[in-house]
Structure formats: structure tokens, C-alpha cells
């Protein structure tokens, strides 16, 4: 009987060692896979003293996985914002290079000041027109570029939502397989790794919270508490609204019919690529567009012709006009104005106008003497030009929707706009650097805690080979003893 027990122990020991060696080999083969965790055998003892692999487990660290998911969501939020802020900054370029609204406005003031000193010099007058044209062109192209950035963000939101739905479908299939394998007592560790990899990818698109349940099941919420997955995937929907008109609101993201982004969301998501894209489309880009609209409105206002008769006639566009053809009220946002501002054809000889209207006034009402400051038509008249120069530095009202001071000179407001977008870039860049570092560190700690260490696996392999050899020797010895026993009975 003792030999039979020894024979059974040796056989099971040989089988268990062989299976454990296979698990170690599997670990080594997946060592370079960042989503693979270390697998191990749970060995128990049989009633007859033999060994048995009761289950195959994997090394997990739930707190570190949660930390990685959170840091991944935060990093992707900031990455989307930084990309948007960089694109918006490129709209105006480096102020030091002279292509920004602030730099072009300063150049316009300089040429206007020169013209005020030499009002009869038509060459200088044409340089004012050239500076004004450059100013209007920059505002036009800037408004167009901002609109494109908003539309690109809108399309990217649609792409991100499609990715989320695909990942949720993958999660549903993977989770069903996990439950099936777990319920049948089979090895589910590889499928659990696959499911975790899906969750990692999902967290980049939208902030999530993962709640473990019995039988290796999981429940997934958005970071705001809306159910994304519970046995089956919930539908995430979004209606693209591009092309977006100036000031127009974009479509919002819905999870299972509940609004998850935008002002009307009761439980708005707070992280993930979708959050960053919505922030660019609905907040950062529109505020910057409002700033350009306010610069354009300020130009129309600053160069406007006023009724000098005292009769109370409305101000009329002077050097600058726009599609509305009026002088908008002070401090009231006119969305889209930057996209249509132009130099008034009435002052441009190349477009049938006359340069004297820049000096004397009356570009929009050439037959109305009430709008003409230079009543005598003197070639050396400079008073109105000096008024215009002073007006660029005089405080005026600006709309609060532009996110800057509501009382500033046009020159200071334009400079403040350049500073605002650069500060936005700086702050978002610092946030990205910080959240990226946290994500990398979380990944390293998670990998160190749950991943495969080749040195450890090699050491385990050596021990298992020795155990295999020991079981093999025991089996051989018992076999010899059985042979001797059988020989003695013949």
C-alpha cells in the first residue's frame, strides 16, 4: 500500500510540476506584453498526499489599476486641450513676428501716426490702407481657422464616441467570456487581462469607474456616475453638428439617453479625450473667437465717423466696415464680425473710393457734410487722424463673453488676447506634463506589481525543474521497487 501511495504522489508531483513549468513558460512568452499579468498555479494536497492544481490565478492590484485608469483619463483630457490650444495659438502666430492682431494693430497705429504728421502724403495714406487690409485679413483668416478648429473638434468627438461604443461592445464580449470560463471552472486569466486592456483603452476616451462583482463580473460607470456597462453595453450617442456657425452650440454626448456633456448635463463627465474635445469646441475656441470679434468690433467703432452737426445722427463705418454695415454698440458682442470685417471700399482708391475720406471722414456718407470733419478740404488737415490715433489708446467697453477686461484700450485688449491664448497653452501644457507623468508612474507601478519579472520566472523555472526531476527519480525508484517485488514472487 505504501508503494502505491508513493507511486501516486510521484505521478501527481510530476504532473503538477509539468503544468507549473508550462505556466512559467507562458509568463515568459508574454513578458513584453504590457497588458499581461503574472499567472500562477494554486496547488492543493490530495487526500492521499498527492498534489493537485486547484486553480490558475493572476497577480492583480486593484488600487493601482484604478489609479492608472484615472491618470489615463486626466492625461487624455489635457492632451486634447493642449492640441486645441496649440492650434488656436497658431492662428495668430508669434506676436514677435508681427502677424498677430496685436502686432498688426500696433503697426496700424504707427502708420496712422505717421499719416497724422503728414496728412497730405498719399503714399503714407496708402501704407495706412495696407496696414488696415492686413489687419482685416488676419481677423478674417483667424475667424475661419477657429471655425475649422471647432469643426475638427466636433468631428473628433464623433470619432471618440464611435471608439467608446466599439470598446464597450468588446467589453461585453470579453466579460461574457470571463463569466463563462469562471462558471465552468476553466482558466479565465488571459481573458481577464484582455478585459483590463479594454478598460485601459476605454479610460483614454472617457473617464470611468470600475466596480468588481462576484464571479469576476464588473460594472462600469462614467466618472460622473452614469452606467456605461452592466452585463450589456449601454449606447453612447452623439449628433455631429459641423459645420458650426459662429456662436452656434455643438451637439452633446449622451450615455444611455442621459446628457453627459454641456451645460444641460446633470451628471457631466469630467475627464477623458471626449471631455477635452468638448472643452476646446464649446469653451476655449468660442472665447478666442469672441476676442477676435471684439477686436474687429473695436476697430469698426474706433474708426467710425460721427455726426458732427449735433443732430444726433448714428455713427457710420469709417476705415473699417463689415457685413452688418453699421457700427455695433459698445461692449456688445457681435458674433462672426471678425469673419466679415473689411476695409471700407469708400476710402480705397483701388476699389473706387477716395483716400481723403480716411483723413476727412465721410466714407460711408460721402454726400452728407455732417460726417465730414474737414469742412474746407484742406490737404494739411490732421485733427481727425489725431483723433483716430488717440482712440486706439482710449478705454472702451468690451463684451464679458470675450473673457478679458470689459474696459480697456483696443491696443491693450488685442495684447490681452494674445496673452490669454498663450496662458491657456501654458497652463494646459503644465497640466498635461503632470498628468502624463502620473500616468507613466502608475503604469510602472502597476507593471511592477502585476507584470512578469523574467529573473523571477527563471528562478521559478529552475526550482520547478528540480521538483520535476525529484518526482521523476521517485517514480523511477518506486518502479524499481515494484519490479523487485514482482520478481521475488515469480
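Residue numbers (this note's numbering): 23 to 512. Quick reminder that beta carbons are idealized off the backbone N, C-alpha and C, glycines included. Quick caveat, the model's predicted, so the values are computed rather than measured.
- About 4 angstroms separates the beta carbon of residue 167 from that of residue 113, a gap short enough to meet the 8 angstroms contact definition.
- Under the three-pair Cβ rule at 8 angstroms, the segment 218–238 does not count as touching the segment 156–167.
- Proximity of the segment 291–301 to the segment 90–106 meets the contact definition, three or more beta-carbon pairs being nearer than 8 angstroms.
- Of the candidates 344, 353, 358, 344 places its Cα closest to the Cα of residue 367.
- The beta carbons of residue 438 and residue 429 sit no closer together than 9 angstroms.
- The C-beta distance from residue 335 to residue 396 rounds to 18 angstroms, too long to fall under 8 angstroms, and the pair is not in contact.
- Non-local beta-carbon contacts of residue 210 in its own chain, meaning distances under 7 angstroms to residues more than five positions away in sequence, involve 200, 203, 204, 238 in chain order.
- Taking one beta carbon from each stretch, the segment 400–408 and the segment 168–182 have fewer than 3 pairs nearer than 8 angstroms; the two do not touch.
- The count of Cβ pairs closer than 8 angstroms, one atom from the segment 84–91 and one from the segment 439–459, stays below three, leaving the stretches out of contact.
- Fewer than three Cβ pairs drawn from the segment 376–386 and the segment 300–311 lie within less than 8 angstroms of each other, which leaves the two stretches out of contact.
- By alpha-carbon distance to residue 153, the top candidate from 140, 136, 53 is 136.
- As DSSP reads the structure, residue 327 sits in a beta bridge with 338.
- DSSP, reduced to helix, strand and coil, places residue 403 outside both helices and strands of the structure shown, so it counts as coil.
- Taking 8 angstroms as the upper bound for CB-CB distance, residue 316 and residue 435 are in contact here, some 7 angstroms apart.
- Residue 229 and residue 53 have their alpha carbons spaced roughly 28 angstroms apart.
- Residue environment: residue 445 is assigned as exposed (fewer than 16 neighbouring CB atoms within 10 Å of its CB, all protein chains considered).
- In this structure, the alpha-carbon of residue 130 lies about 22 angstroms from that of residue 394.
- When rounded, the separation of the alpha-carbon atoms in residue 169 and residue 453 is 25 angstroms.
- For residue 394, the secondary structure class from DSSP, reduced to helix, strand or coil, is coil.
- Here residue 265 is exposed, its C-beta having fewer than 16 other C-beta atoms within 10 Å.
- Residue 313 sits in a helix when the DSSP states are folded into three classes.
- In terms of CA proximity to residue 220, 197 leads the group 233, 197, 471.
- Under DSSP, residue 243 takes part in a beta bridge, and its partners are 231, 249.
- When secondary structure is reduced to three states using DSSP, residue 153 falls in the helix class.
- Around the CB of residue 340, 16 or more other CB atoms lie within 10 Å, so the residue is classed as buried.
- A residue is called buried when at least 16 other Cβ atoms come within 10 angstroms of its Cβ; residue 213 meets this threshold and is buried.
- In the DSSP assignment, residue 279 is bridged to no other residue.
- For residue 258, the enclosing beta strand (DSSP E) has its first and last residue at 258–260.
- DSSP places residue 135 in the helix class (H, G or I) of the three-state scheme.
- With a 10 Å radius around the Cβ and a threshold of 16 neighbouring Cβ atoms, residue 455 comes out exposed.
- Taking every protein chain shown into account, the CB of residue 422 has fewer than 16 other CB atoms within 10 angstroms, so this residue is exposed.
- Taking 9 angstroms as the cut-off, the Cβ atoms of residue 235 and residue 245 do not count as close.
- The beta carbon of residue 319 sits closer than 6 angstroms to the beta carbons of 350, 356, 359 from its chain, once the five residues preceding and following it are set aside; these are given in chain order.
- If you compare the alpha carbons of 58, 126, 148 with that of residue 432, the shortest gap goes to 126.
- When secondary structure is reduced to three states using DSSP, residue 363 falls in the coil class, being assigned neither helix nor strand.
- Around the Cβ of residue 255, a 10 Å sphere holds 16 or more other Cβ atoms; the residue is buried.
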